[in-house]
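Input: a single structure, listed below in structure tokens.
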Amino acid sequence: MNGDFLAIRPLLEEKDTELFLIFNLAEKTYAVPAEKIREIVQIPALTVIEKFPEYIIGLLNLRGQIINILDLSKLLGLESQTYTTDYQVLILDCNEKSVGIVVSSIKDVTMLDKKYFTPLPYKSNEKIITGIYKHDDSLIAFLDIELILQSVENVEINSMEVEKVSIPQKYFPTDPISKTKLLKRAEKLQKEARVDTGNLNYQENYFISFCMEKEIYAINLKYVKEITKLKLVSFVSVPCVPEFITGIINLRGEFITIVDIKYFLQITKTPISEKTKVIVVKISDIQIGILVDDVFDIENIPTEKMNLNIQTKYEKNKYTLAEVLLPDNKVMSIFDMKKFVEDERLFIEDSV
23 MNGDFLAIRP
33 LLEEKDTELF
43 LIFNLAEKTY
53 AVPAEKIREI
63 VQIPALTVIE
73 KFPEYIIGLL
83 NLRGQIINIL
93 DLSKLLGLES
103 QTYTTDYQVL
113 ILDCNEKSVG
123 IVVSSIKDVT
133 MLDKKYFTPL
143 PYKSNEKIIT
153 GIYKHDDSLI
163 AFLDIELILQ
173 SVENVEINSM
183 EVEKVSIPQK
193 YFPTDPISKT
203 KLLKRAEKLQ
213 KEARVDTGNL
223 NYQENYFISF
233 CMEKEIYAIN
243 LKYVKEITKL
253 KLVSFVSVPC
263 VPEFITGIIN
273 LRGEFITIVD
283 IKYFLQITKT
293 PISEKTKVIV
303 VKISDIQIGI
313 LVDDVFDIEN
323 IPTEKMNLNI
333 QTKYEKNKYT
343 LAEVLLPDNK
353 VMSIFDMKKF
363 VEDERLFIED
373 SV
């Protein structure tokens, strides 16, 4: 195959960066290393043990494994808020131990440059916070997973106690619809078959969902390096290039070519708006930004829920790896990033 990929030379050595998941809790923003996250689940009903410290709100039976669920607000000395059924639980693994923390929402998954990390300038009572990071004009507190695990006291649990799933009155919604939803989630998480994934990276079953026009797509999280709003970066149009190349952005000194994949999927091109985002992806030594109308969420999609029998003879489905039926009967297409970067149209001669 002749030419360079989008006329970009192979990438320079990686900067001192790491992938973090950024989340919100009690109107504050926190970050944890993405590699420490095993799973993200919607908040369920929990087993409540009265002898627990206040910051352990209950136990979760996750496919036979009993996991302490923490309210970080209590550890950080903040006022706890009443949860909603939209809250989520991050299941974190570190040093062969697991713990769950409640979050109000997942904000982003992004690469953060460690040189912008600032240790706390004082001895904080909030020992689980190691420092602060300024990102997109907001402050993010870094959490130390090891210290969070150390804060979990070892409490002997009777197996019969774990079966007594309930809804803590103090933090959880108590309306009948919410209670039913939480109890069903707990039952499902307990009975789900355990899938032996060996040393499978947590990202294999996690996807970033996004929309283009009225179509819903998802990209495997393992390819995602960063997500940013287009309006927050320096964007420059480039003349004399194929129409699917929207331009170039300067992301903290790194120039990234932006591709509008609607061209390849036969989706009508839409104007750039306030919601327009760029998903920066990297596969092998190739890095590009793909333009999308909006980004929705991080999706945990087990392989058994994917329909792999896709008719790829049609151009629109050429880069669809699988399809997933959503609860509202809409279909989400899994975008085949590996196949996409092999498209000959992306390789441009040097003379261009």
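Each residue of the sequence shown is one higher than the one before, counting from 23 in the working numbering.
Just so it is clear, CB atoms sit at the ideal spot from N, CA and C, and this is done for glycine as well.
How would you label residue i, buried or exposed, when you count the other beta carbons within 10 angstroms and need 16 or more for buried?
i    : result
V246 : buried
Y228 : buried
G220 : Low per-residue confidence applies at G220: pLDDT is 36, beneath 50, and the placement is therefore not dependable, though the value from the model is reported in the following sentence. By the 10 Å Cβ count, G220 comes out exposed.
E235 : exposed
Y52  : buried
F277 : exposed
L347 : exposed
T342 : buried
G80  : buried
L161 : exposed
L114 : buried
Q110 : buried
L112 : buried
T132 : buried
G86  : exposed
E118 : exposed
E61  : buried
E76  : exposed
T290 : exposed
N83  : buried
L254 : exposed
V260 : exposed
S295 : exposed
Q288 : exposed
T268 : buried
D315 : buried
V303 : buried
D350 : exposed
T292 : exposed
D365 : exposed
I199 : exposed
D159 : exposed
N90  : buried
V353 : exposed
Please look up how many angstroms separate the CB atoms of residue i and residue j, rounded, as I've assumed it's under 8 angstroms.
i    : j    : result
V54  : I167 : 6 angstroms
A48  : S95  : 5 angstroms
L330 : K299 : Rounded, the Cβ-Cβ distance is 28 angstroms, inconsistent with contact.
A344 : L204 : That pair is no contact at about 30 angstroms.
Y105 : Y193 : 5 angstroms
C233 : F318 : 7 angstroms
Y155 : L142 : Not a contact, Cβ separation roughly 12 angstroms.
I283 : I249 : In fact, because the Cβ distance is near 15 angstroms, the residues do not count as touching under 8 angstroms.
V363 : I280 : 15 angstroms between Cβ atoms; not a contact.
L171 : V121 : 6 angstroms
S173 : L97  : 6 angstroms
I241 : F357 : 5 angstroms
I320 : I128 : 6 angstroms
Going by the DSSP bridge assignment, what does residue i pair with across the sheet?
i    : result
N272 : S256, F277
T196 : T196 is not bridged to any residue.
E265 : The partner list for E265 (beta bridge, DSSP) is empty, contrary to what the question assumes.
E40  : L134
F357 : T342
F232 : Y239, V317
V246 : V303
P55  : F42
L165 : I151
E61  : I113
L47  : K50
K251 : K299
Does any residue of chain C have a CB that is nearer than 8 angstroms to the CB of residue i?
i    : result
E364 : Absent from the structure is chain C; it holds one protein chain and no more.
Is residue i near the ligand ZN - that is, is its Cβ less than 7 angstroms away from at least one heavy atom of it?
i    : result
I230 : Ligands displayed in this structure: none; no statement on the ligand ZN is therefore possible.
Requested in this report: Could I get the ranges of all uninterrupted alpha helix (DSSP H) runs contained in the stretch 283 to 350, with 4 residues as the minimum, in chain order?
Outcome: 284 to 287
**Report entry** Sequence ranges, beta strand (DSSP E) only - wholly within the stretch 71 to 151, length at least 3
**Finding:** 78 to 84, 87 to 92, 110 to 116, 119 to 125, 127 to 135, 139 to 141
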